[in-house]
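**Student:** My questions all concern the structure below.
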Amino acid sequence: MIHVIATITAQPGQREAVLALFNKNRPAVLAEEGCISYEAVIDVPEFGTIQTPLGKDTFAVIERWESAEALRAHGASAHMAEYGHNTRLLLVSRVINVLQAC
Numbered sequence: 001m002i003h004v005i006a007t008i009t010a011q012p013g014q015r016e017a018v019l020a021l022f023n024k025n026r027p028a029v030l031a032e033e034g035c036i037s038y039e040a041v042i043d044v045p046e047f048g049t050i051q052t053p054l055g056k057d058t059f060a061v062i063e064r065w066e067s068a069e070a071l072r073a074h075g076a077s078a079h080m081a082e083y084g085h086n087t088r089l090l091l092v093s094r095v096i097n098v099l100q101a102c
């Protein structure tokens with residue numbers, strides 16, 4: 001199983017717009033062969049000192065895939081190309097970590 005943590009930072013004040021586009025694209029991703037889960041998450045408010053907040057313009061995407069091949073196919077899909085095109089001017093940064101169990 002492959003795990004992905006993608007940390008997405010939107011232009012100031014644009015997080016909700018990016019999340020709306022994410023949520024519009026999400027059903028197509030969940031329908032992909034090999035997709036186990038694909039979810040956007042934000043900070044739990046005021047959780048205390050153990051938390052390192054992402055911030056008001058940032059969210060993370062937590063993904064699980066059956067295989068590296070499934071993840072590669074996801075990255076090459078037409079709907080992800082469209083999502084990338086639609087969000088390109090709304091983002092400051094995107095950091096992607098592809099992980100496996102140890």
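Per my numbering, residue 1 is the first one in the sequence shown, and the count goes up by one each step. Cβ coordinates follow ideal geometry from the N, Cα and C atoms, glycine included.
Going straight from the alpha carbon of residue 58 to that of residue 74, what length do you get?
**Tutor:** 22 Å
**Student:** Apply the 10 Å Cβ neighbour rule to residue 10 and answer buried if 16 or more other Cβ atoms are within range, or exposed otherwise.
**Tutor:** Buried, by the Cβ-count rule.
**Student:** Is residue 60 helix, strand or coil by DSSP?
**Tutor:** strand
**Student:** With distances taken from CA atoms, which of 12, 3, 1 is nearest residue 93?
**Tutor:** 12
**Student:** Taking residue 36 and residue 65 to be in contact with their CB atoms under 8 Å, please state how far apart those CB atoms are, rounded to whole angstroms.
**Tutor:** The pair is a contact, with the Cβ atoms about 6 Å apart (cut-off 8 Å).
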